[in-house]
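Residue numbers (our numbering), protein chains in the order written: chain G, 488 to 820; chain Z, 488 to 820.
There are 2 protein chains.
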Amino acid sequence: MKEFITLSEGSGGKGTKDLIEKFLFPFLKNRYLEVLHDSAVFEIEEKRFAFTTDSYVVSPIFFPGGDIGELSVYGTVNDLSMSGAKPLFISLSLIVEEGFSLEKLERIMESIKNASKKAGILVITGDTKVVERGKGDGIYINTSGIGIIEHTLDITPYSVKPGDRIIINGPVGMHGIAVMIERENLKIEGVKSDTQPLNFIVQKLIDEKVEIHCLRDPTRGGVATSLNEIAEKSKTEILIYEEKIPLTEEVIGACEILGIDPLYVANEGKFLIFVPEKHAERTLKIIKEFDEGKDAEIIGEVKEGDGKVFIETRIGARRIVDIPSGEILPRIC
Amino acid sequence: MKEFITLSEGSGGKGTKDLIEKFLFPFLKNRYLEVLHDSAVFEIEEKRFAFTTDSYVVSPIFFPGGDIGELSVYGTVNDLSMSGAKPLFISLSLIVEEGFSLEKLERIMESIKNASKKAGILVITGDTKVVERGKGDGIYINTSGIGIIEHTLDITPYSVKPGDRIIINGPVGMHGIAVMIERENLKIEGVKSDTQPLNFIVQKLIDEKVEIHCLRDPTRGGVATSLNEIAEKSKTEILIYEEKIPLTEEVIGACEILGIDPLYVANEGKFLIFVPEKHAERTLKIIKEFDEGKDAEIIGEVKEGDGKVFIETRIGARRIVDIPSGEILPRIC
Numbered sequence: 488m489k490e491f492i493t494l495s496e497g498s499g500g501k502g503t504k505d506l507i508e509k510f511l512f513p514f515l516k517n518r519y520l521e522v523l524h525d526s527a528v529f530e531i532e533e534k535r536f537a538f539t540t541d542s543y544v545v546s547p548i549f550f551p552g553g554d555i556g557e558l559s560v561y562g563t564v565n566d567l568s569m570s571g572a573k574p575l576f577i578s579l580s581l582i583v584e585e586g587f588s589l590e591k592l593e594r595i596m597e598s599i600k601n602a603s604k605k606a607g608i609l610v611i612t613g614d615t616k617v618v619e620r621g622k623g624d625g626i627y628i629n630t631s632g633i634g635i636i637e638h639t640l641d642i643t644p645y646s647v648k649p650g651d652r653i654i655i656n657g658p659v660g661m662h663g664i665a666v667m668i669e670r671e672n673l674k675i676e677g678v679k680s681d682t683q684p685l686n687f688i689v690q691k692l693i694d695e696k697v698e699i700h701c702l703r704d705p706t707r708g709g710v711a712t713s714l715n716e717i718a719e720k721s722k723t724e725i726l727i728y729e730e731k732i733p734l735t736e737e738v739i740g741a742c743e744i745l746g747i748d749p750l751y752v753a754n755e756g757k758f759l760i761f762v763p764e765k766h767a768e769r770t771l772k773i774i775k776e777f778d779e780g781k782d783a784e785i786i787g788e789v790k791e792g793d794g795k796v797f798i799e800t801r802i803g804a805r806r807i808v809d810i811p812s813g814e815i816l817p818r819i820c
Numbered sequence: 488m489k490e491f492i493t494l495s496e497g498s499g500g501k502g503t504k505d506l507i508e509k510f511l512f513p514f515l516k517n518r519y520l521e522v523l524h525d526s527a528v529f530e531i532e533e534k535r536f537a538f539t540t541d542s543y544v545v546s547p548i549f550f551p552g553g554d555i556g557e558l559s560v561y562g563t564v565n566d567l568s569m570s571g572a573k574p575l576f577i578s579l580s581l582i583v584e585e586g587f588s589l590e591k592l593e594r595i596m597e598s599i600k601n602a603s604k605k606a607g608i609l610v611i612t613g614d615t616k617v618v619e620r621g622k623g624d625g626i627y628i629n630t631s632g633i634g635i636i637e638h639t640l641d642i643t644p645y646s647v648k649p650g651d652r653i654i655i656n657g658p659v660g661m662h663g664i665a666v667m668i669e670r671e672n673l674k675i676e677g678v679k680s681d682t683q684p685l686n687f688i689v690q691k692l693i694d695e696k697v698e699i700h701c702l703r704d705p706t707r708g709g710v711a712t713s714l715n716e717i718a719e720k721s722k723t724e725i726l727i728y729e730e731k732i733p734l735t736e737e738v739i740g741a742c743e744i745l746g747i748d749p750l751y752v753a754n755e756g757k758f759l760i761f762v763p764e765k766h767a768e769r770t771l772k773i774i775k776e777f778d779e780g781k782d783a784e785i786i787g788e789v790k791e792g793d794g795k796v797f798i799e800t801r802i803g804a805r806r807i808v809d810i811p812s813g814e815i816l817p818r819i820c
């Protein structure tokens with residue numbers, strides 16, 4: 488029996504899952520939380536809303552392609568979008584370490600302002616706390632978000648069915664690798680975080696009446712962890728095709744040098760969508776119309792099964808894609 | 488021009504006000520945020536909702552009369568109540584330091600569970616992050632909350648008018664002094680935090696059609712800071728009577744030893760209510776029916792003026808009650 492929190496509990500992988508299931512969930516169990524999706528969905532007088540929260544502790548706070556400011560806006564906007572909700576309002580709560588530079592704070596606030604504008608949401612409430620030097624790490628940001636659900640789909644892992652096709656809107660692993668390169672000061676060029684809002688693309692899919700079964704943004708723990716969670720909850724088997732998974736040359740190179748599988752690396756502007764086979768090609772076409780989706784691919788399918796995820800490699804072999812245990816990349820978001 | 492964040496920016500006093508006005512607000516300005524009340528109020532199809540957020544960084548995390556768990560539930564429930572909203576749902580986001588004891592985490596979760604039950608709300612979404620040893624301080628908790636507004640009152644500082652009476656529901660300074668005693672390991676007995684939910688008492692006042700002009704929970708910065716903010720926004724003058732301010736013997740004693748004015752000390756189960764004179768006695772009576780309000784008093788009144796707060800001392804002198812500058816009590820909530 489463990490007695491102390493370790494970094495693996497924050498990895499988004501098995502450690503986080505265990506912590507939630509053994510130490511957090513038993514105290515809070517209720518029908519909203521049970522879904523354990525990116526957002527909670529609740530109803531008030533026949534209107535459905537989504538509600539989500541995330542604390543951002545990314546280190547370093549500035550990285551190629553983004554910073555903690557825009558990350559904290561897009562991350563929460565995307566979590567709302569993953570319920571098919573239209574994001575409306577977010578809160579902004581800062582935990583700042585004594586001695587933090589006000590110039591950096593201004594850069595972050597500018598970034599939050601621009602990201603809010605781009606995503607079409609408003610920051611309407613906030614809070615600021617300061618902790619002593621050595622009791623934080625520059626700045627931590629919490630954003631919580633509220634969205635409205637204007638469709639009747641039930642977008643959760645439980646709606647995933649055998650036969651569904653799985654689409655991703657572009658190359659994987661960019662955010663995690665960009666943060667890692669910056670943190671470790673590695674001499675690897677060309678990798679940028681994919682931080683971007685996904686709400687407009689999701690809204691378009693809903694407007695076009697795509698029968699969406701599930702949406703998930705593969706952040707901490709990457710695509711591998713997200714697929715495992717969905718396979719487990721939907722009690723299906725998931726098969727993905729290695730050759731179909733979009734990857735940039737830069738991420739492939741960096742992953743080889745670092746000895747990391749990009750499937751386990753965090754993304755901040757990607758989503759997995761599960762749709763019936765008959766909707767797959769049309770869904771792909773709609774996604775590809777967006778700049779955020781121009782490299783989209785159908786990467787896999789859902790089969791009858793018992794919660795496992797497999798990958799078909801380039802040479803036709805099939806291996807299991809496990810949920811990672813231990814520390815993956817701490818403080819990636 | 489300051490270049491770095493100091494603890495005074497987290498005090499809830501002048502430093503926090505300056506930080507918000509100079510570094511945060513200019514980037515986010517919108518009609519919801521402008522009100523700068525405890526909760527933001529927004530409307531969806533003629534239904535009004537309240538939304539609020541708070542990060543809790545109290546040190547120590549366990550203190551006489553409470554802990555960070557119940558504080559993070561009641562604090563957010565109370566912020567919602569201060570808009571006259573009925574609190575419905577909260578989010579729970581943990582930033583845990585590597586090495587934090589799982590036994591303590593369980594105690595905190597138990598406390599969150601009990602507080603949620605007592606306040607009648609549900610935790611429906613959450614997040615957990617882990618930071619390396621030395622990059623946090625045990626645990627920081629963010630809760631954000633959503634409530635529904637089922638009345639037509641406009642409960643904000645801008646509704647405060649000359650002639651209004653000001654009521655508080657009980658003794659001031661208990662939370663801040665309790666935390667300080669525990670933190671500094673002082674040999675002062677008998678002071679307990681007043682952490683408690685205020686939603687039922689506010690609901691009753693609304694049900695009883697009290698014409699509430701403003702509600703405010705005097706947390707960081709205490710009663711003095713809250714009154715100054717309200718006087719400034721309502722462009723009135725506030726006068727309070729020293730002899731009417733409820734205080735416990737223990738807090739009086741502790742404040743004398745510590746050289747602190749209890750009017751500047753944080754509360755976590757108190758609220759200030761502004762009502763027209765004709766409603767004052769009835770409001771007081773309703774509040775006194777509650778355990779959380781049995782020591783309520785009418786402590787002051789609103790006059791024509793320009794944003795200043797005065798206190799009439801026991802000997803009949805009148806002195807100004809300033810908004811505090813510099814560090815008051817850091818990490819009190």
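Each residue gets a CB set at the ideal place from its N, CA and C atoms; glycine is no exception.
Since we're looking at a predicted model, the values are computed, not measured.
With 16 other Cβ atoms within 10 Å as the buried cut-off, status of residue i
i, result
"I582(Z)", "buried"
"K757(Z)", "buried"
"S812(Z)", "exposed"
"L696(Z)", "The question names Leu, but residue 696(Z) is Lys in the sequence shown. Counting Cβ neighbours within 10 Å, K696(Z) comes out exposed, since fewer than 16 surround it."
"I802(Z)", "exposed"
"K516(Z)", "exposed"
"P513(Z)", "exposed"
"R707(Z)", "buried"
"E730(Z)", "exposed"
"E533(Z)", "exposed"
"E521(G)", "exposed"
"I744(Z)", "exposed"
N-terminal and C-terminal residue of the alpha helix (DSSP H) that residue i is part of
i, result
"T563(G)", "555-568"
"R769(Z)", "764-775"
"R594(G)", "589-606"
"N715(G)", "709-721"
"T503(G)", "501-506"
"K691(G)", "686-694"
"C820(Z)", "Neither: C820(Z) is in no alpha helix (DSSP H) and is coded neither H nor E."
"A741(Z)", "736-745"
Close-in-space but distant-in-sequence residues of the same chain around residue i (CB under 6 Å, 5 per side omitted)
i, result
"E737(Z)", "G677, V678"
"S631(G)", "T540, S578"
"H662(Z)", "S680, D681, A753, N754, E755"
Bridge-paired residues (DSSP) for residue i
i, result
"E584(Z)", "V618(Z)"
"L759(Z)", "I655(Z), R703(Z)"
"N448(G)", "Not covered by the structure: residue 448(G). The range shown for chain G is 488 to 820."
"N629(Z)", "S542(Z), S580(Z)"
"P574(Z)", "G634(Z)"
"Y728(Z)", "E799(Z)"
"G534(G)", "Checking the displayed sequence, the identity of residue 534(G) turns out to be Lys instead of Gly. Paired residue(s): I531(G)."
The beta strand (DSSP E) enclosing residue i, as first and last residue numbers
i, result
"F514(Z)", "Note, F514(Z): premise wrong, no beta strand (DSSP E); alpha helix (DSSP H) at 512-515."
"K790(G)", "784-791"
"E527(Z)", "Note that residue 527(Z) is Ala in the sequence shown, not Glu. Run containing A527(Z): 527-531, per the beta strand (DSSP E) assignment."
"I807(Z)", "805-807"
Own chain, CB closer than 8 Å to residue i, minus 5 neighbours either side, in chain order
i, result
"I739(Z)", "P749"
Test item: CB-CB of residue i and residue j under 8 Å
i, j, result
"V789(Z)", "I653(Z)", "yes"
"V528(G)", "S570(G)", "yes"
"H524(Z)", "P644(Z)", "yes"
"G787(Z)", "N754(Z)", "no"
"G623(Z)", "E584(Z)", "yes"
"F536(Z)", "M596(G)", "no"
"V808(G)", "A741(G)", "no"
"G780(Z)", "I688(Z)", "yes"
"I635(Z)", "L575(Z)", "yes"
"G613(G)", "I492(Z)", "no"
"I732(Z)", "V647(Z)", "no"
"I599(G)", "Y519(Z)", "no"
Cβ neighbours of residue i in the same chain (closer than 7 Å, five flanking residues each side left out)
i, result
"G650(Z)", "P763, E764, V789"
"S713(Z)", "R703, P705, L759"
"T503(Z)", "E496, G497"
"R818(G)", "V544, V545, S546"
"E669(Z)", "P547, F550, P551"
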